[in-house]
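*Asks:*
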Amino acid sequence: MTSDTRLPEPTAPARILVIKLRHHGDMLLTTPLILALRQRFPTAQIDVLLYEETREMLSANPDIHSIYGIDRKWKKQGVLHQLKMEAGLLCTLRKQKYDLVLNLADQWRSAICTRLTGARKRVGFAFPKRRHPFWAFCHTDLASTQAHNTQHTVEQNLSILSAIGEAVHDVPAKMSYTDQDWQVCRSLLPPDFQESYVVIQPTSRWFYKCWREGNISAVMDALSAAGHKIVLTSGPDAKEKKMVETIIAGCPDAQFHSLAGQLTLRQLAALIDHARLFIGVDSVPMHMAAALGTPLVALFGPSKLVFWRPWQAKGEVIWAGDYGPLPDPDDIDTHTDERYLDAIPVDAVISAAKRLLA
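Take the sequence shown: its position 349, counting from 1, is numbered 350 in my numbering, and each next residue is one higher.
1) By alpha-carbon positions, which one of R39, L30, G70 and G294 ends up nearest to V49?
2) Please go through the segment 201–273 and give each complete alpha helix (DSSP H) segment of 4 or more residues, from N-terminal end onward.
3) Nearest to H149 by CA position, among I345, G325 and W309, is which residue?
4) Provide the residue(s) that pair with G316 in DSSP beta bridges, ordered along the chain.
5) With a cut-off of 8 Å, do at least 3 Cβ pairs link the segment 219–227 to the segment 349–359?
6) Roughly how many angstroms separate the alpha carbons of P346 and W212, rounded to a whole number?
7) S188 lies in the beta strand (DSSP E); which residues open and close that run?
8) With respect to the alpha helix (DSSP H) encompassing R131, which residues constitute its N-terminal and C-terminal limits?
9) How is the beta strand (DSSP E) around Q78 delimited, first residue to last?
10) In the DSSP assignment, find the beta strand (DSSP E) that holds Q46 and state where it starts and stops.
11) Would you mind stating whether P192 and V282 have Cβ atoms separated by less than 9 Å?
12) Taking S259 and K230 to be in contact with their CB atoms under 8 Å, please state how far apart those CB atoms are, rounded to whole angstroms.
13) Got a sec? Which residues, its chain only, sit under 7 Å from V185 by beta carbon, not counting five neighbours each side?
14) Compute the Euclidean distance between the alpha carbons of C252 and A219, then round it to the nearest angstrom.
15) To test your reading of the DSSP string, which unbroken alpha helix (DSSP H) runs of 4 or more residues are found completely within the segment 101–148?
16) Check whether the segment 91–104 and the segment 9–25 are in contact - that is, three or more C-beta pairs closer than 8 Å.
17) Given a cut-off of 9 Å on the beta-carbon distance, is the pair A106 and L22 in contact?
18) Let me check you understand the geometry: is the CB of D171 closer than 8 Å to at least one non-hydrogen atom of the ligand COA?
19) Would the beta-carbon of I280 fall within 9 Å of that of V298?
20) Using CA coordinates, which residue listed in W75, D72 and V169 is at the minimum distance from Q40?
21) Mind checking S304: buried by the 16 CB within 10 Å criterion, or exposed?
22) Anyone know if the C-beta pair for C114 and I20 falls short of 9 Å?
23) Please name the residue or residues paired with I280 in a DSSP beta bridge.
24) Give the secondary structure of Y99 by DSSP, where H, G and I count as helix, E and B as strand, and everything else as coil.
25) With which residues is S67 paired in a DSSP beta bridge?
26) Below 8 Å on the Cβ atoms is my contact criterion, and I expect K175 with T32 to pass it. Report the Cβ-Cβ distance as a whole number of Å.
27) Can you tell me the Cα-Cα spacing of L29 and G228, whole angstroms?
28) So what does DSSP say about V19, is it helix, strand or coil?
29) Quick one: grab the DSSP three-state call for A88.
30) According to DSSP, simplified to helix, strand and coil, what is L342?
31) Below 9 Å between beta carbons: does that hold for A144 and L162?
32) Can you say whether P43 is buried or exposed, counting buried as having 16 or more other CB atoms within 10 angstroms of its CB?
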């Protein structure tokens, strides 16, 4: 076929919806896909459907036009209330008249939402556990998942674009915040901390991913002795704040300031973005640091590094498996009191931090 007889390209989508119903970190790792869509379709309206509690991960992202949320609190007010709210949401989505829907999720709910948008092209993944006629009925195209076992979560998300003839592999994640978010953070920092500090986030909602409190205290002592100021952060959960209190008790002479449980996710992003270094475990803030380009020391235990290694991070990943045996991630009891990261030597973390701060 000559250039004169080549068929025209299909009309570019004017309205796109991305669906992902997962946790905070999963939402951050959708941003490379969103950026790839923005680069490919610069004039398109790109919307996102997510769980309401994860909205803040994307709420300041300039590539997104609108965010729609499924609030899991609806069901606490009764089945009728939940059905009414979800029906209203589906009606709103249908009114957007999407040209393209990309369903990254594996839930039946996400498939039903995809179908009911009425979009002319509805792409999902051919998940092995969803080999069912109804899953195929909800989508016009299914992208292969055959390579997912060897791909980072970002690469898995990007692979859905193969169904629309795109091949994208190397796109950065983006964690966005506002100037007001930074101003709030700045107002909470002591004057002598505002120009140079290290952020340490030692907690995760799953404590098996955490390093021992005494180890964090030792790192804080070493970095303080080297002249560095430390800002401690954590989530608002009482268990996380208690862990921070234990860490503080173990290093009374360290130069630190605690903002544990005091920041929103966007404020935390602003704090991390202005830090010289981030030290943390496999958790949302670690992925935020990677997306922001802040140098980091990331501590990993029995997590699937192929999937969850910080994407395009500047810094070092220290894996407990290099220092001792670890159980298979699929065999972990997430409620265990075991601290699998304890195999990581304190000196390894201190040395990595000092290299990055030099």
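Heads up, the beta-carbon is just placed ideally off N, CA and C, and yes, glycines get one too. Predicted model only: the values in this text are computed from it and were never measured.
*Replies:* Once the coordinates are examined:
1) G70
2) 214–226 and 239–250
3) W309
4) L297
5) yes
6) 10 Å
7) Unbroken run through S188 is the alpha helix (DSSP H), D180 to L189; no beta strand (DSSP E).
8) Looking at the DSSP string, R131 is not in any alpha helix (DSSP H), and its letter there is neither H nor E.
9) Counting along the chain, Q78 falls outside any beta strand (DSSP E), and DSSP gives it neither H nor E.
10) Q46 to Y52
11) no
12) About 12 Å; that fails the 8 Å criterion.
13) Q268
14) 7 Å
15) 109–117 and 134–139
16) yes
17) yes
18) The ligand COA is absent from the structure shown, which contains no ligands of any kind.
19) yes
20) V169
21) buried
22) yes
23) I201 and V298
24) coil
25) D48
26) 4 Å
27) 33 Å
28) strand
29) helix
30) helix
31) yes
32) exposed
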